[in-house]
Structure formats: structure tokens, C-alpha cells
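Participant: First to last, the sequence lines map onto chains C and L.
Residue numbers for the first sequence, in my numbering: 51 to 516.
Residue numbers for the second sequence, in my numbering: 285 to 335.
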Amino acid sequence: MRTPWNSFPSLRDAINVGGTPPPGYLIGAEHRTALGDLLQGSAIASGVENLRGRSVLIASADQFLAALALIEFDGLARRMTLYPPDLALEHLPYVMRYAEVDAVVSDGSFLSGASIGAAQHAICTPALVPRVHASQERLPTEWILLTSGTTGRPKMVLHTLASLAGAIGASESHTEVIWGTFYDIRRYGGLQIYLRAVLTRSSLLLTGPQEPVAKFLQRAGEAGVTHISGTPSHWRRALMSPEADRIAPRYIRLSGEIADQAILNSLRSFYPDAEISHAFATTEAGVAFDVRDALSGFPASVLTGTSGVDLKVVDATLRMRSSRTAERYLGENPPVLKDPEGFVDTGDVLELRDGRYHFQGRRDGVINVGGLKVHPEEVEAVLNRHPQVRLSLVKTKKNPITGALVVADVLLKDPSTPEGEHARELQQTIKQFCRESLAPHKVPAAISFVAALAISQTGKLVRRHG
Amino acid sequence: MLDLGLDSLCFAIIVSRLETVLGVDPFSENDDAPFPANLGEFIRFYENAVE
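#1: State the Cα-Cα distance for the pair H408/C and S105/C, rounded to the nearest angstrom.
#2: Does any residue of chain C have a CB that is nearer than 8 Å to the CB of V299/L?
#3: Can you list the residues of chain L that L289/C reaches, using a CB-CB cut of under 7 Å?
#4: Given that A296/L touches chain C, what residues does it touch there, using C-beta distances under 7 Å?
#5: With a threshold of 16 other CB atoms inside 10 Å of the CB of K463/C, please say whether the residue is buried or exposed.
#6: Distance, Cα to Cα, E382/C vs T201/C?
#7: Rounded to the nearest angstrom, what separates Y133/C and H425/C at their Cα positions?
#8: Where G516/C and M206/C are concerned, what is the direct C-alpha to C-alpha distance, given to the nearest angstrom?
#9: Roughly how many whole angstroms lie between the Cα atoms of T225/C and S96/C?
#10: Using a Cβ-Cβ cut-off of 8 Å (strictly less than) and excluding sequence neighbours within five positions of A149/C, which residues of its own chain qualify?
#11: With distances taken from CA atoms, which of P384/C, T354/C and G392/C is nearest S372/C?
#12: Quick one: is S316/C near chain L, going by C-beta distance under 8 Å?
#13: Can you look up D459/C in the DSSP assignment and give me helix, strand or coil?
#14: Tell me whether L323/L is buried or exposed, calling it buried when 16 or more other Cβ atoms sit within 10 Å of its Cβ.
#15: Thinking C-alpha only, which one of N100/C, A264/C and N449/C is nearest A321/L?
#16: Per DSSP, which residues does M370/C bridge with? Please list them.
#17: How about A324/C and R300/C: do their beta carbons lie closer than 8 Å?
#18: Give the secondary structure of H328/C by DSSP, where H, G and I count as helix, E and B as strand, and everything else as coil.
#19: Give a yes or no on whether the C-beta atoms belonging to P176/C and A93/C are separated by under 8 Å.
#20: Quick check on DSSP: helix, strand or coil for P319/L?
#21: Assign S283/C to one of two classes, buried (16 or more other C-beta atoms within 10 Å of its C-beta) or exposed (fewer than that).
#22: Taking Cβ positions only, does L293/L come closer than 8 Å to chain C?
#23: Comparing the C-beta of H491/C with each C-beta of chain L, is any distance below 8 Å?
#24: Using 8 Å for Cβ pairs, my map puts K1/C next to V457/C. What's the rounded Cβ distance?
#25: In this structure, does DSSP put S279/C in helix, strand or coil?
#26: Name the DSSP beta bridge partners of K265/C, please?
#27: Smallest Cα separation from V341/C: which of T257/C, A309/C and V429/C?
#28: Beta-carbon within less than 8 Å of L290/L's beta-carbon, same chain only, minus the 5 sequence neighbours each way: which residues are those?
#29: Assign S466/C to buried or exposed, taking buried as 16 or more other Cβ atoms, counted over all protein chains shown, within 10 Å of its Cβ.
#30: Measure the C-alpha to C-alpha separation of G470/C and A502/C and round it to an integer number of angstroms.
#31: Given a threshold of 16 other Cβ atoms within 10 Å of its Cβ, counted over all protein chains shown, does R147/C qualify as buried or as exposed?
#32: Shortest alpha-carbon distance to L37/C belongs to which of P59/C, K481/C and D414/C?
#33: So, with DSSP's three-state summary, where would you put G516/C?
#34: What is the residue span of the beta strand (DSSP E) that A109/C lies within?
#35: Can you list the residues of chain L that R286/C reaches, using a CB-CB cut of under 8 Å?
Structure (C-alpha cells):
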């Protein structure tokens, strides 16, 4: 579905609309750039025209530079791949190969030591240089977002500006909107906020690399942020900071995780003047809907009453079809993204209680730790490599801070189950073994030694999901 | 709380371990309880829950 906000040929055209300078700024921890300055100046010192038509990978420690690069290359590159800051560089060759990357745009240090083969390397900097030549020709740039995959390799999801911006509606605000996001813009949830700001020519405040939440809240207060977004885990962190009262937002958005009633109530109580909305979206399916009644879950009427989105529940999971869904996956043996009718299976299990659907977790057992996905199979593969481990089962444990934690049942090769100090030592050893090859949120927070793990008749571990 | 240098994940693990040791999770027991913003509030949060 075409809307005023997803009909622009490129981000640059959105900024340049109307012939008046855009009022907004991109504001990072160290730098700020007026959107209007990007029309006359360029953040790519070596020039962008020589990268026209290329498949560009954008990789930087500071997302502020990625925010500049997206405006530089949308409509100019054939394809843009956003490399998330927490994705290990060991996946870079795979991503570059399957996204057919022939140019890399970085901050000059993020990729230090990593090989980019024959790809051209351009540096993005906040110090703009005069734009030498600006062609009016626009390419329909493909946007590649990376999301967590079963084997540790990222899944590569192909979107367009139109699909990404499909859920963005006209602002009803008559006063200046200043966006802020706890969520990194290289992830779908953060990117939605970036696009809301840039397409409406508004300001956007971004977190710096490893910026403490207290400092970000201070900056958000000083910048006068009016609209701010994060995962429920981001918001729990914010509310546990003495700086939480630095901001006075008019609009608070939660996405990326299940919003429970406790966080909705806490936000309502702490920011009584803010409109609070929790959105359901996935990288593949796009934004499904926003819930604005301050209650967790969503009313059953949403299934039939969401404009522009077809929703249905099949086998207790939510399926979605709309112009906001991604086109397809890239990568080795890419799975099919949509069924023959165009529906994307979100894999999110729902339960209907008293006319309201509640999310029960994932059918495939994916664990959501503070908005970051963990595939149990990836963690089990690491655990099973430990010389003392015969088999393991990774599960989710509900947690009030990050929504969930990863825990593991481990069957040891030695049939005598260790106890006491010996058990604690071995648990620590196995956790350390996991830390060496897994991101911190994937390392089991607790390991239990079990006498047996159930195996089904087909020889697979018995899992209980959802 | 976050000035202690703990990120959300560390904090989540502490809450999980306290639940194992003390048998209570005050965060999940009351949807309307405010989040503790400093160590003193955090300790009182647990003392109240254990009582």
C-alpha cells in the first residue's frame, strides 16, 4: 500500500521535499548534523558518485555514521546492507558474498583486521565535504537487514524503502517532534524510528557506542525528546536509572519484545502525560500493529481491523500479509519467506484469553533476551562441543528484567552427576567455554546437570515451546 | 542501579539467582511496583517481598 511516507524514491527526496530546509538534526553522542546539510554536503569524503549502482555494506561502531550513510546511499546504491554492531566479524565474508557486496562504507576502524577482498572501501565521517555532483537519477535500493539465524549465521532479509516505511503514518502532532531511540538503527525496531524521523524531516537522538543509559537520558532531556522508543528491557533499564526523570516524552513506544503489564504500568505511572504504545513487528513480516490501550497483549478485533495488514492465526501462530513484509531472504539455501498466498509465518505463539490475544513465546523455541534473539540449537551446538558434555537442551527462563534468560539442561558423559562444589566448578567451566564463542546474551545463565534428556521416537530432543 | 556497572543482562542474572536462593521475584509479583532506582531501594524491594 502506498502512503505519503513510503512513496519517496529515496530518503534524500523526503528530506528535500517542499523546497524548504528540513528542521531536523541527526544527533549522536559526539556529533550532530542538520538533515539539510546532507543535501549540500557529503559524509563520504571520497565522493558517492563513484559508488553509484554498487552493493554497499555499511559497518561502523557508532550508529550515527550509519545514519548518515543511509541517506547517502539510498537511491544511489543498488543495495545497502546494514551490519549490526554486535554481529561477529567472522560472518562478514558470508554476508558480503551473499549480498554481493562490492563496496564497504565504514568508520575506518570497525573492520580493522577483517578482509573485505576486492571490495572498494570508503570512509564515512561526520565532517561533511561539499557535494561535487548530485545526479537526479534514483535507483530502487534494496535494504538488507541481518537478523539472528539458527546456526549463528545471520539471516539476510531483503526490504525496500517502501516496505520499511509502510507503517509510517502522517504525524498528528502540530508541535515539533524530536525522536529518540534506545534501539540501534541497524535493527528493524530502531530503523523504524530512524525512518519516522528522516521521512518526516524531524530530529533524531541516537545512542553512542556503549553509552550508559543515564548519559543517554541526560542528553535526551537536554535535546527535549518528545517521542522515544525502545524494547521493554530498554525501558526497564531506563526506569532503574535516577536519570529517568530527565525526559518528559509525549509518546513512548515499545517494540522488539513482549510488553508485559508491569512495564506498561510502570511507564504509565512514571510518565503520566505520555501516550504509550506497544508495537508488534518482526524483521521479516514488518510492522503489524500498535496497541495503545495500555494493556498487554492485543484485542482480538485487531486481527480483522488493521488497515493495510491481513492477519490470521493458524495453528496458534500469527501469520501476516501486507506491503510491509520483506520481499525474500538472501543467503545460502535461503528459506521461503512467504507462503503461496503471501503470508509470513511470524512463529509467534498466541493464546486467546477473554477476547484478548497474548504472546506465549516462539514455536521454534527462539528465546528473546532483551530484544536479541537466541536460537537454542546454536547454544546447544557449543555446549555439546565441551569435552565433558554428551547432550544438552537449551530452554528459556522467564525474567522480569530482560523478558527471558537462556538456561541449559546438560547431560554429562560421566554418568555420575556432580554435586556441591564440584558441580559449581564444572558449571563455571562450561559457561566460560560458551563465553569464548557466544555473545553474552547467548551464554546460559544457569546450567543444570540432568540424569537424562528425553529423546523422541524420531531421535530428536523433546522440546516444549510456546 | 545501573551506575554499579551492571548491564541489563547482569542485572537479570542477579534477579534470577536471587529467585533461586530466596524463592521470591518481587519484580514479577506486583505489576504496579515501581522499579528500584538505587541499591537501597533494591534491597528494600527484596526485604518487603520476603516479609
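Where is the CB? At the ideal position from N, CA and C, for every residue including glycine.
Facilitator: In this structure, then:
#1: Taking the first residue of the first sequence as position 1, residue 408/C is located at position 358. Taking the first residue of the first sequence as position 1, residue 105/C is located at position 55. Cα-Cα distance, rounded: 40 Å.
#2: The count along the second sequence starts at 1 and reaches residue 299/L at position 15. Closer than 8 Å: yes.
#3: Numbered from its first residue, the first sequence carries residue 289/C at position 239. Neighbours of L289/C on chain L, chain order: F319.
#4: For the purposes of this step, residue 296/L is taken as the residue at position 12 of the second sequence. Correct list: N449, I451, T452 and L455.
#5: Counted from its first residue, the first sequence places residue 463/C at position 413. By the C-beta density criterion, K463/C is exposed, having fewer than 16 other C-beta atoms within 10 angstroms.
#6: In the first sequence, counting from the first residue as 1, residue 382/C sits at position 332. In the first sequence, counting from the first residue as 1, residue 201/C sits at position 151. Between E382/C and T201/C, the C-alpha separation is close to 12 Å.
#7: Start at 1 with the first residue of the first sequence, and residue 133/C comes out as number 83. Start at 1 with the first residue of the first sequence, and residue 425/C comes out as number 375. Cα to Cα, the separation comes out at about 19 Å.
#8: Along the first sequence, one-based indexing puts residue 516/C at 466. Along the first sequence, one-based indexing puts residue 206/C at 156. Because G516/C sits at a pLDDT of 42, beneath the cut-off of 50, its placement in the model cannot be relied upon, and the following sentence gives the value as read from the coordinates. Using only the alpha carbons, I get a separation of about 25 Å.
#9: Here residue 225/C refers to the residue found at position 175 when the first sequence is read from its first residue. Here residue 96/C refers to the residue found at position 46 when the first sequence is read from its first residue. Taking the Cα positions, T225/C is about 38 Å away from S96/C.
#10: Residue mapping note: residue 149/C aligns to position 99 of the first sequence, counting from 1. These residues qualify, in order along the chain: S105, L107, R129, T131, I194, M206 and L380.
#11: Position 322 of the first sequence, counting from 1, holds the residue named residue 372/C. The residue with the shortest Cα to Cα distance from S372/C is G392/C.
#12: Here residue 316/C refers to the residue found at position 266 when the first sequence is read from its first residue. At least one chain L Cβ lies under 8 Å of S316/C.
#13: For the purposes of this step, residue 459/C is taken as the residue at position 409 of the first sequence. Note: D459/C maps to strand in three-state DSSP.
#14: Start at 1 with the first residue of the second sequence, and residue 323/L comes out as number 39. L323/L should be labelled exposed.
#15: One-based indexing of the second sequence puts residue 321/L at position 37. Comparing Cα-Cα distances from A321/L to each of N100/C, A264/C and N449/C, the minimum goes to A264/C.
#16: To locate residue 370/C, count along the first sequence from 1; it is residue 320. M370/C is bridged to L361/C and V394/C.
#17: To locate residue 324/C, count along the first sequence from 1; it is residue 274. To locate residue 300/C, count along the first sequence from 1; it is residue 250. For A324/C and R300/C, yes; Cβs fall inside 8 Å.
#18: In the first sequence, residue 328/C corresponds to position 278, counting from 1. Note: H328/C maps to strand in three-state DSSP.
#19: Taking the first residue of the first sequence as position 1, residue 176/C is located at position 126. Taking the first residue of the first sequence as position 1, residue 93/C is located at position 43. In this structure, A93/C lies closer than 8 Å to P176/C by Cβ.
#20: Reading the second sequence from its first residue, position 35 is the one you call residue 319/L. Going by the sequence as given, residue 319/L is Phe instead of Pro. F319/L: coil per DSSP, three-state reduction.
#21: For the purposes of this step, residue 283/C is taken as the residue at position 233 of the first sequence. The residue in question, S283/C, is buried, as its Cβ has 16 or more Cβ neighbours within 10 Å.
#22: Locating residue 293/L in the second sequence gives position 9, counting from the first residue. So, interface residue.
#23: For the purposes of this step, residue 491/C is taken as the residue at position 441 of the first sequence. At least one chain L Cβ lies under 8 Å of H491/C.
#24: This structure does not reach residue 1/C, given that chain C is present from 51 up to 516, and the question cannot be answered.
#25: Position 229 of the first sequence, counted from the first residue, corresponds to residue 279/C. In the structure shown, the three-state DSSP call for S279/C is strand.
#26: Mapped onto the first sequence, residue 265/C falls at position 215. DSSP output for K265/C lists no bridge partner at all.
#27: Residue numbering aside, residue 341/C sits at position 291 when the first sequence is read from its first letter. Comparing Cα-Cα distances from V341/C to each of T257/C, A309/C and V429/C, the minimum goes to A309/C.
#28: If you number the second sequence from 1, residue 290/L lands on position 6. Answer for L290/L: I298, listed in chain order.
#29: For the purposes of this step, residue 466/C is identified with residue 416 of the first sequence, where counting begins at 1. Result: exposed.
#30: Taking the first residue of the first sequence as 1, we reach residue 470/C at position 420. Taking the first residue of the first sequence as 1, we reach residue 502/C at position 452. When rounded, the distance between both Cα atoms is 19 Å.
#31: In the first sequence, residue 147/C corresponds to position 97, counting from 1. By the neighbour-count rule (16 or more Cβ atoms within 10 Å), R147/C is not buried but exposed.
#32: Chain C is shown from 51 up to 516; residue 37/C falls before or after that span and cannot be answered.
#33: Indexing the first sequence from 1 puts residue 516/C at position 466. For G516/C, the predicted structure reports a pLDDT of 42, less than 50, and the residue's modelled location is therefore unreliable. A value from the coordinates is still provided. G516/C falls in the coil class under three-state DSSP.
#34: For the purposes of this step, residue 109/C is taken as residue 59 along the first sequence, with counting starting at 1. That run of the beta strand (DSSP E) goes S105 to A109.
#35: For the purposes of this step, residue 286/C is taken as residue 236 along the first sequence, with counting starting at 1. Going along chain L in sequence order, the residues near R286/C (Cβ under 8 Å) are S292 and F319.
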